[in-house]
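One structure is given here, and the rest of the page talks about it.
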Amino acid sequence: QNYPNPFNPSTKIAYSIPVSGNVTIKIFDITGKEIKTLVNEFKNAGTYDTEFNGADLSSGVYYYKMETGNFSEIKKMILIK
């Protein structure tokens with residue numbers, strides 16, 4: 002999960018992967034439109050974090066989707082300006 006949430010203007014997304022593989026983390030708006038790709042690279046098994054800065058976006062609900070191997074997860078985050 003990201004922290005802080007709600008956030009303004011940036012938030013940190015922490016994640017763990019149990020086995021090495023390609024990891025993608027993408028940000029979407031409430032309509033499902035892709036806003037940004039934060040991570041798209043091979044990672045060794047471990048715990049990582051990445052930062053999302055929404056300074057150029059309007060307040061609202063956004064989602065991030067993490068995919069690695071056959072695992073996929075979507076979480077909600079809220080930007081309040």
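Its first residue numbered 2, the sequence shown is counted upward by one per residue in our numbering. All C-beta atoms in this analysis are idealised placements derived from N, C-alpha and C, irrespective of residue type, glycine included. None of the values given here were measured: they were computed from a predicted structure.
- In or out: ILE75 buried (at least 16 other Cβ within 10 Å) or exposed? exposed
- For the candidate residues ILE36, THR32, VAL24, whose alpha-carbon lies nearest to that of LYS44? VAL24
- What did DSSP end up calling ILE81 once you bin it into helix, strand or coil? coil
- Cβ neighbour criterion (16 or more within 10 Å) applied to TYR16: buried
- Measure from the alpha carbon of ILE26 to the alpha carbon of each residue in THR69, MET78, ALA56, THR12, then state which is nearest. THR69
- Roughly how many whole angstroms lie between the Cα atoms of LYS82 and THR12? 13 Å
- How about VAL62 and THR51: are their beta carbons less than 8 Å apart? no
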